[in-house]
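Here the sequence shown is numbered in the working numbering, starting from 160 and rising by one per residue.
Here is the structure we will look at, set down as structure tokens.
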Amino acid sequence: MKRLMTLALLTAMLSVHPVASKAAAPVADEAIFVEGTRYSAVFEAPQRRWRLLSADGRDVRLRVADSCALGSAPPPGLWLLTRDGQGQPTLLAPSATALPAGHSGQVRLLDCDQAAAGPLSAMAVPRVLLDWLTEHSGSVYVAR
Numbered sequence: 160m161k162r163l164m165t166l167a168l169l170t171a172m173l174s175v176h177p178v179a180s181k182a183a184a185p186v187a188d189e190a191i192f193v194e195g196t197r198y199s200a201v202f203e204a205p206q207r208r209w210r211l212l213s214a215d216g217r218d219v220r221l222r223v224a225d226s227c228a229l230g231s232a233p234p235p236g237l238w239l240l241t242r243d244g245q246g247q248p249t250l251l252a253p254s255a256t257a258l259p260a261g262h263s264g265q266v267r268l269l270d271c272d273q274a275a276a277g278p279l280s281a282m283a284v285p286r287v288l289l290d291w292l293t294e295h296s297g298s299v300y301v302a303r
């Protein structure tokens, strides 16, 4: 009887181990990005829509007009809003964001009537959106 209990206990312990290791390393996908905690703006590239998540809980939704040439939208994932060497707002991909081969991991944000210059990818947005992002956002989630 004692041998049977030991065998049952050992079997139970071994069957729990794989489940515990899977839970310890969550998959980096959209399920871990919780609105308002990891990002304060959402960009839906195919629809050219933005959703700004303000601190007071009121979302602002807008669509970029056709007259504002988009340039190259960032690949899906989380992007940090920083400034480049010239002080220009730039989206920077953290290491968890999957990038296509050859992508620099940086996308410069420009005003709609500003011309892109330099080797970095660039994306045009309306001035009011550019101002809001630089003042209120530290990160942007680019949706699929």
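Positions of the beta carbon are idealized from the N, C-alpha and C atoms, including for glycine.
Three or more beta-carbon pairs separated by less than 8 angstroms link the stretch 218-232 to the stretch 197-209, which places the two stretches in contact. Judged by DSSP secondary structure, Val301 falls within the beta strand (DSSP E) whose first and last residues are 298-302. When rounded, the separation of the alpha-carbon atoms in Ser298 and Gln273 is 22 angstroms. Counting the other CB atoms within 10 Å of its CB gives Arg267 a total of 16 or more, which places it among the buried residues. For Pro278, the number of other beta carbons within 10 angstroms of its own is below 16, and it is reported as exposed. With contacts defined as CB atoms closer than 8 angstroms, Pro233 and Pro259 fail to qualify as a contacting pair. In this structure, the straight-line span from the alpha carbon of His262 to that of Gly236 is close to 14 angstroms. Assignment of beta-bridge partners to Pro248 by DSSP yields Arg242. Counting along the chain, the unbroken beta strand (DSSP E) around Asp218 starts and ends at 218-222.
The alpha-carbon separation between Ser199 and Ser213 amounts to approximately 7 angstroms. For Asp225, the three-state secondary structure derived from DSSP is coil.
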